[in-house]
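Colleague: A single structure is presented below for examination.
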Amino acid sequence: MGETDTPDFNKARGYLIGFSTVVLLLWYFGADLSTFKLLGNEIRLKENVQNVWMVLAGINTYLWLRLYQRTPEGSFRFDLAMHDLYEKTLIGVVRRLGKKQMRNHVLELIEKAPGTVEGESKLISFKPKGKMTHLERTPPKGTEPPDQLAIIRNLDSRTRNEIRYSFYIHYTVGGNEHHQSGGQAFTTTPSRLVAKLVEWYVFARGAIVSPWFFDHVTPFVLGGMSICVALFNWWQINYPHA
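Taking the working numbering, the leading residue of the sequence shown gets 24, the next gets one more, and so forth.
Quick look at the structure:
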């Protein structure tokens, strides 16, 4: 696979998308492939007409493999924009799922706060603010800024998904209002199931909001669909009663 997003990659992607689109359109509109025009000249096929779709599938397969060979390394993994979307979604989901635990944590902070009288404090509201703990790591002084994408991809799942929540707390003690921010943070790591469900959701959402999906995933999906359609048509023509 290629190392960078080179003109060869863009050209191979364009060929695959273009050819696959044509094949799908020919199938959808039921085009007669025994006759076609090439450079303004009409060409009529006389032999092996029943194998035209197999030829199209073969060409499409070649273009699919050609693009795969020129695809930059790591293209099928989330880029920084997708990782950012994943983190924001994960922080929001964990905040909802862990609301009870966070509330208990906040009540403990209130009890430990100076001036709190047992039995006279009342929690009014709290606002959690989450941040991925891996973002708090700083490189040693004098070193070059690290490749953030490479760092994220090399983290183990537990470190990757660990979140630390800080709180803004509004409460009363004996009828007097108090506000508190900071204090001991609430650190948690979601289960693998939750993380995987969020990852699938982000993948589906990325198909709409992120260029990553259209740049690196859609061409292969479109090419695969085109190959399957061409092979299906060839099978129907050659084995109609199978």
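Every residue, glycine too, gets a C-beta built ideally from N, C-alpha and C. Keep in mind that this is a model prediction, so the values were computed, not measured.
(1) Please list, in chain order, all residues of the same chain as P213 whose beta carbon is under 6 Å from its beta carbon, the five residues on each side excluded.
(2) Output the boundary residues of the alpha helix (DSSP H) element that contains R215.
(3) Using C-beta distances below 7 Å, list every residue in its chain close to V221, excluding the 5 sequence neighbours before and after it, in chain order.
(4) Judging by CA-CA distance, which residue of L48, R36, I175, I186 is the nearest neighbour of W87?
(5) Please report the Cβ distance between T211 and G97, rounded to the nearest whole angstrom; I am assuming they are in contact, meaning their Cβ atoms lie under 8 Å.
(6) Distance check for E134 and F236, CA to CA, integer angstroms please.
(7) Mind checking which residues open and close the beta strand (DSSP E) that includes K69?
(8) What residue does the alpha helix (DSSP H) around S249 start on, and which one ends it?
(9) Using the Cα positions of H264 and T94, report the straight-line distance between them to the nearest angstrom.
(10) So, using beta-carbon positions, are V78 and S57 closer together than 8 Å?
(11) Which residues bound the alpha helix (DSSP H) around R118?
(12) Between A136 and Q203, is the Cβ-Cβ spacing less than 8 Å?
(13) Using the three-state DSSP reduction, which class does A208 fall into: helix, strand or coil?
(14) In whole angstroms, give me the CA-to-CA distance for W223 and D238.
(15) Would you report the Cα separation of K145 and H128, rounded to the nearest angstrom?
(16) Nearest to H201 by CA position, among M105, Q259, K152, I147, is which residue?
(17) For the beta strand (DSSP E) that contains F190, what are its first and last residues?
Modeller: If we stick to the structure as given:
(1) Closer than 6 Å at Cβ, skipping near neighbours: V117, N184.
(2) 215 to 232
(3) If we look at V221 and ignore the five residues flanking it on each side, its Cβ neighbours are Y109, T112, L113, V116.
(4) R36
(5) The pair is not a contact, with the Cβ atoms about 29 Å apart (cut-off 8 Å).
(6) 49 Å
(7) Careful: K69 lies outside any beta strand (DSSP E) and carries neither H nor E.
(8) 241 to 261
(9) The straight-line gap from Cα to Cα measures roughly 41 Å.
(10) no
(11) 103 to 120
(12) yes
(13) strand
(14) 18 Å
(15) 14 Å
(16) I147
(17) 186 to 196
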